[in-house]
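Novice: Mind having a look at this structure? Questions to follow.
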Amino acid sequence: MPKVENFCGGVRVTIQRTKFMQMMNVTSDVTSNVVSDVTSNVVSDVSSSVGSLSVVQLTDRQKKIRELILKDSFISAQQMSVVLSVVTRTIWRDLADLQKKGVLIREGNTSAGHWLWVGPIVDNK
9 MPKVENFCGG
19 VRVTIQRTKF
29 MQMMNVTSDV
39 TSNVVSDVTS
49 NVVSDVSSSV
59 GSLSVVQLTD
69 RQKKIRELIL
79 KDSFISAQQM
89 SVVLSVVTRT
99 IWRDLADLQK
109 KGVLIREGNT
119 SAGHWLWVGP
129 IVDNK
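So the sequence shown is numbered by this note's numbering: it starts at 9 and just counts up by one.
Here it is as structure tokens:
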């Protein structure tokens, strides 16, 4: 129950905080449990994610495509097909596979865009 009293020409209200302190203890326990759970979950999730990362395997032609793109990011599929002596459809299939693997991004539109290699550049010969 609050205690109301006159104080220096005004009113002073005193509220007992026993229930509030009990809530603080509960909150403290909950906080420590949450911190503990979050820490263990993050460590577990990161460990499993890192463990599931695999090296992206590229075919020999895809490695050549990577080199062409790193030399000239504006190179077209037609130009790649001439250099690699394959039909354009084969190049498009390899480009789609590289994009699906997450190592290649096409920025811009079809005619004025360019390729952006976002995968590792380390050669796994």
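Built from N, CA and C at the ideal position, the CB exists for glycine as well. On a predicted model such as this, the values are computed, not experimentally measured, just so you know.
Using the three-state DSSP reduction, which class does LEU112 fall into: helix, strand or coil?
Specialist: Three-state result, LEU112: strand.
Novice: Specify, as a first and last residue, the run of the alpha helix (DSSP H) that LEU76 falls within.
Specialist: Element bounds for LEU76: 68 to 79.
Novice: Quick one: what does DSSP say VAL63 is sitting in, helix, strand or coil?
Specialist: Coil, per DSSP.
Novice: Where THR67 and GLY127 are concerned, what is the direct C-alpha to C-alpha distance, given to the nearest angstrom?
Specialist: Cα to Cα, the separation comes out at about 14 Å.
Novice: Using only alpha-carbon positions, find the residue among LYS109, GLN87, VAL91, GLN24 that is nearest to SER6.
Specialist: The structure shown has nothing for residue 6, since the chain only spans 9 to 133.
Novice: Roughly how many whole angstroms lie between the Cα atoms of VAL95 and VAL64?
Specialist: The alpha-carbon atoms of VAL95 and VAL64 are separated by roughly 24 Å.
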